[in-house]
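According to the working numbering, the stretch in the sequence shown is residues 1 to 83, in order.
All C-beta atoms in this analysis are idealised placements derived from N, C-alpha and C, irrespective of residue type, glycine included.
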Amino acid sequence: MQELIAFLDIRQDESIERSFKGVAKHFRDVFSELVQGGHGFLVLMKKNDIDDVENDQDDDEPRTADTEGRVEKYVGVKVKACY
């Protein structure tokens, strides 16, 4: 039963990330049309991203694998824009 739950958690994460990539692509396309010469990006924030900022870790350091495999690991969306 635990293996099934873990498998379904992974599939759910993959589905969320695949859907988000599509939304992010459309956001980039629309943003560049609305803002001449501008670029806009959506970034899916995960719990580990927030923890890394709070711990002030360097981006060059290796990260440990995320074995959480649950929707709770997603904490928000960040918008990056360049004009």
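CA nearest to the CA of residue i, picked from the options
{"i": "Val73", "options": "Phe7, Glu17, His39, Met1", "result": "It is Lys, not Val, that sits at residue 73 in the sequence shown. Among Phe7, Glu17, His39, Met1, the Cα nearest to that of Lys73 is on Glu17."}
Beta-carbon gap between residue i and residue j smaller than 8 Å
{"i": "His39", "j": "Cys82", "result": "yes"}
{"i": "Val75", "j": "Lys47", "result": "yes"}
{"i": "Leu42", "j": "Val79", "result": "yes"}
Expected contact under 8 Å - CB spacing of residue i and residue j to nearest Å
{"i": "Leu44", "j": "Phe20", "result": "5 Å"}
Residues that residue i bridges to, as DSSP identifies them
{"i": "Ala81", "result": "Gly40"}
{"i": "Gly76", "result": "Met45"}
Any non-hydrogen atom of the ligand NAD closer than 7 Å to residue i Cβ
{"i": "Gln12", "result": "The ligand NAD is not part of the structure shown, which contains no ligands of any sort."}
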